[in-house]
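In our numbering, the protein residues as written are 2 to 525.
Built from N, CA and C at the ideal position, the CB exists for glycine as well.
Let me begin by presenting the structure, written as structure tokens, before commenting on it.
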Amino acid sequence: MTNEQLSPPPATPPGTPAPPTGGVPDLTDELRATSIWTDELVAAARLPVVDVPMVSIGGGIGSFILADVLRISGLPTSSLRVIGNIDTPWQTYEYLTKVSQIPRHERLRSDSTGCPDNVWGFPGYSVREAWNEKTIAPLFNVLTEPIFTDFYTPRAGQAFEAMAKEAERIGFDEMSWRGQVRMIRRRHGGGYFTAYRPADGSAPRVVVRSSFAHVAVGYPGLTFLPDLQRFRDTHGDRVRVVNAYEPHEHVYDTLRKRGGTVVVRGGGIVASRILQRLMEDRMHHGAQTQIVHLLRTFVHGPQKRSRFARRHGGNGLAYQGFNWPKSSWGGQLKDDFDRLEGDERKALYEQLGGTHTPKRKLWQKQMEQARREGWYSVTQGVVDSVEPEGDHRLALRLAAANSAVSELTADFVIDCTGLEGDIRSSALLADLLDHGGAGRNPMGRLDVERSFEVRGTRTEPGRMYASGSATLGGYYAGVDSFLGLQYAALRIADDLAATGFTNRIGIGRSAAQWWRWARNRSVE
2 MTNEQLSPPP ATPPGTPAPP TGGVPDLTDE LRATSIWTDE LVAAARLPVV DVPMVSIGGG
62 IGSFILADVL RISGLPTSSL RVIGNIDTPW QTYEYLTKVS QIPRHERLRS DSTGCPDNVW
122 GFPGYSVREA WNEKTIAPLF NVLTEPIFTD FYTPRAGQAF EAMAKEAERI GFDEMSWRGQ
182 VRMIRRRHGG GYFTAYRPAD GSAPRVVVRS SFAHVAVGYP GLTFLPDLQR FRDTHGDRVR
242 VVNAYEPHEH VYDTLRKRGG TVVVRGGGIV ASRILQRLME DRMHHGAQTQ IVHLLRTFVH
302 GPQKRSRFAR RHGGNGLAYQ GFNWPKSSWG GQLKDDFDRL EGDERKALYE QLGGTHTPKR
362 KLWQKQMEQA RREGWYSVTQ GVVDSVEPEG DHRLALRLAA ANSAVSELTA DFVIDCTGLE
422 GDIRSSALLA DLLDHGGAGR NPMGRLDVER SFEVRGTRTE PGRMYASGSA TLGGYYAGVD
482 SFLGLQYAAL RIADDLAATG FTNRIGIGRS AAQWWRWARN RSVE
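In structure tokens form, the structure reads like this:
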């Protein structure tokens, strides 16, 4: 399998510190091969060095939330630099949501209190939506979910606009440097060296010397299923076989113009969004699309996850409101994950994992109509191969659950399996494993402490932290969510406060800062 980067091409960044004169310095072979750098070794390479107390690498929502919490704790903008190759913290996330059919007016899979712009969670998205739109519907939704209504989830645009407002309030642009980080190396004597290249390529690599570092690089990459990758490698066709996380608007345009058959692979939230788009094109725009929904595992009914836990299911799909049960964020399951070690924690992850999607009334209604009218069907099986067929079509050879071989013919295949690449797909994370002292947790991701410090990377008095999807498998399950990123940022801030780097957010500071947030006043 090969890996393709998820983020869109970076834009041109502003200038960065000027390098020393006398040629173009860069990382030397000695630096690349050395796991712990000395000041003398860096100086010998003539690399420009900038001193900053703390750096956060990634520049996405994980970096943004940590910067927000640290600013609320009283950290000045001069003490933190965020390095990333995107224009806004939500740029990559918005790109992924948009291509997977969640434009700004559609709703995310997040609850009302998961607010990246508001660490207190109050007022939540539902209250703000009710106030802005002068309606009690969002409040009624929250009060009656999930018995009488679907779980309330915010619109994507609401989250992005709120983050933009908070970024301006905390001075996020003042803390941001545009560039691509290649490696973080431990510093002899304490702290870290972060090597990055400015995004426009006009300046040589820069080294940032800091006491603390934070890694929040998001998804390391996207791994295609072997059959799809073979088809792409063999035939060079990226038009008929596409992934839901890459631009594929041409599929919908073609199907609306001349109809055809599309195979949708996967049973998760992204597959549900793709199905919604295809079904709405047929119901509202006259598309003559035949949809074949291909599932590796067909769910016939409720799934028993443990002695007391049960996940709803039926018609091939497993149903769950959020990516983890709600008690994983702040209840019994959170305590279980925090208590368990090694294989026991891995077993709990595996017990609660698996592919699932929310059971939203709109989607159920659409699928029922599509099945009744005969243009949507569900097939179980594993694809052995994908080959071109005459008249610009595709032949999918399937190995069904009973080992019988069958074949599907389609015009397009949309892969919604959402397989994440190994953390080594990221050059930075691979370097941390090889040279930074980092290791893997029971689920194969970065091994972190309960404080989200990366185990094995400490160089007193310095510490390195990580948050986001790269840490899945640790002591907190919902790391790849708004609430999970906030939880990680709060734990990191508490740990930094214990070192004296920043203030602890106590009751008085929290109340005062919430009042400033509510009035949109600077944290200063």
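Cβ of I292 within 8 Å of Cβ of Y377?
-> As a first step, residue 292 must be located in the sequence shown, where it is residue number 291. As a first step, residue 377 must be located in the sequence shown, where it is residue number 376. Yes, Cβ-Cβ distance for I292 and Y377 is below 8 Å.
The alpha helix (DSSP H) with P199 in it runs from where to where?
-> Here the question's residue 199 lines up with position 198 in the sequence shown. Careful: P199 lies outside any alpha helix (DSSP H), inside the beta strand (DSSP E) at Y193 to P199.
Where the beta strand (DSSP E) containing E461 begins and where it ends = As a working mapping, residue 461 is identified with position 460 in the sequence shown. Counting along the chain, E461 sits inside no beta strand (DSSP E), nor does DSSP assign it H or E at all.
Does DSSP put P389 in a helix, in a strand, or in coil?
-> Stepping through the sequence shown from its first residue, residue 389 is reached at position 388. DSSP places P389 in strand when its eight states are reduced to three.
With a CB to CB cut of under 6 Å and the five nearest residues on each side skipped, what residues in its chain are close to I58?
-> Residue 58 sits at position 57 when you count from the first residue of the sequence shown. The residues are I84, V182 and V216.
For the beta strand (DSSP E) holding S177, just list the boundary residues, first then last.
-> By one-based count along the sequence shown, residue 177 stands at place 176. Segment S177 to R188, the beta strand (DSSP E) holding S177.
Among the residues of its own chain, which have a CB less than 7 Å from the CB of D69, if the five just before and after it don't count?
-> Counting from one through the sequence shown, the residue named residue 69 turns up at place 68. V120, E167 and I171, listed in sequence order.
Would you call G287 buried or exposed, if buried means 16 or more other Cβ atoms sit within 10 Å of its Cβ?
-> Here residue 287 refers to the residue found at position 286 of the sequence shown. Here G287 is exposed, its C-beta having fewer than 16 other C-beta atoms within 10 Å.
Please work out which residues of its chain come closer than 6 Å, Cβ to Cβ, to P117, disregarding the five sequence neighbours upstream and downstream, and give them in chain order.
-> Walking along the sequence shown from the start, residue 117 turns up at place 116. Its chain contains I62, I66, M164 and F483 as the residues whose beta carbon lies nearer than 6 Å to that of P117, once the 5 sequence neighbours on both sides are disregarded; these appear in chain order.
Inter-stretch contact (C-beta, 8 Å, three-pair minimum) for the segment 268–277 and the segment 350–366 | Yes: at least three Cβ pairs fall under 8 Å.
How many Å lie between A519 and T114 at the Cα?
-> Here residue 519 refers to the residue found at position 518 of the sequence shown. Here residue 114 refers to the residue found at position 113 of the sequence shown. Going by C-alpha positions, A519 is about 15 Å away from T114.
According to DSSP, what are the bridge partners of F152?
-> As a working note, residue 152 is residue 151 in the sequence shown. Note: F152 sits in no beta bridge, so no partner.
Is Q367 buried or exposed, if buried means 16 or more other CB atoms sit within 10 Å of its CB?
-> Along the sequence shown, one-based indexing puts residue 367 at 366. With 16 or more neighbouring CB atoms inside 10 Å of its own CB, Q367 falls in the buried class.
Could you give the residue range of the beta strand (DSSP E) that holds R82?
-> Mapped onto the sequence shown, residue 82 falls at position 81. L81 to G85 is the extent of the beta strand (DSSP E) around R82.
Residues near G260 by beta carbon distance below 7 Å, same chain, minus five either side = In the sequence shown, residue 260 corresponds to position 259, counting from 1. Residues A288, Q289 and T290 of the same chain have their beta carbon placed closer than 7 Å to that of G260, with the five preceding and five following residues left out of the count.
Can you tell me whether E169 is buried or exposed, with buried defined as 16 or more other CB within 10 angstroms of its CB?
-> As a first step, residue 169 is located in the sequence shown; it is residue number 168 there, counting from the start. Its Cβ having fewer than 16 others within 10 Å, E169 is exposed.
Going straight from the alpha carbon of T93 to that of Q102, what length do you get?
-> As a working mapping, residue 93 is identified with position 92 in the sequence shown. As a working mapping, residue 102 is identified with position 101 in the sequence shown. When rounded, the distance between both Cα atoms is 14 Å.
Simplified DSSP state of R283, which is helix, strand or coil | Locating residue 283 in the sequence shown gives position 282, where the first residue counts as 1. The DSSP-derived three-state label of R283 is helix.
Should I185 go down as buried or exposed, given a rule of 16 or more other Cβ atoms within 10 Å for buried?
-> To locate residue 185, count along the sequence shown from 1; it is residue 184. Burial call: buried.
Residues that S1 bridges to, as DSSP identifies them | Missing from the structure shown is residue 1; the chain here goes from 2 to 525 and no further.
Residue(s) in a DSSP beta bridge with Q304 | Residue 304 sits at position 303 when you count from the first residue of the sequence shown. Its beta-bridge partners are R312.
Span separating the alpha-carbon of A396 from that of S177 | Taking the sequence shown and counting its residues from 1, the one referred to as residue 396 is at position 395. Taking the sequence shown and counting its residues from 1, the one referred to as residue 177 is at position 176. When rounded, the distance between both Cα atoms is 48 Å.
Tell me, please, whether the segment 443–450 touches the segment 474–481 by the rule of three or more beta-carbon pairs shorter than 8 Å.
-> The way I'd put it, the segment 443–450 does touch the segment 474–481; three or more beta-carbon pairs between them come closer than 8 Å.
For E454, which residues does DSSP report across the bridge?
-> Looking up residue 454 in the sequence shown gives position 453. E454 is bridged to Y466.
Residues of its chain near S74, where Cβ-Cβ distance is below 6 Å and the 5 sequence neighbours each way are ignored | Residue numbering aside, residue 74 sits at position 73 when the sequence shown is read from its first letter. Exclusion of the five residues before and after S74 leaves A494, T503, N504 and I506 as the residues of its chain whose Cβ lies within less than 6 Å of its Cβ.
Where does V317 sit, in a helix, a strand or coil, going by DSSP?
-> Position 316 of the sequence shown, counting from 1, holds the residue named residue 317. Contrary to the premise, residue 317 reads as Gly rather than Val in this sequence. In the structure shown, G317 sits in a strand (DSSP, three-state: E or B).
Within 10 angstroms of the Cβ of F149, are there 16 or more other Cβ atoms? Answer buried if so, exposed if not.
-> As a working mapping, residue 149 is identified with position 148 in the sequence shown. Result: exposed.
Can you grab the Cα-Cα spacing for the pair S511 / Y126, in whole Å?
-> Within the sequence shown, numbered from 1, the residue matching residue 511 stands at position 510. Within the sequence shown, numbered from 1, the residue matching residue 126 stands at position 125. A direct Cα-to-Cα measurement between S511 and Y126 gives close to 20 Å.
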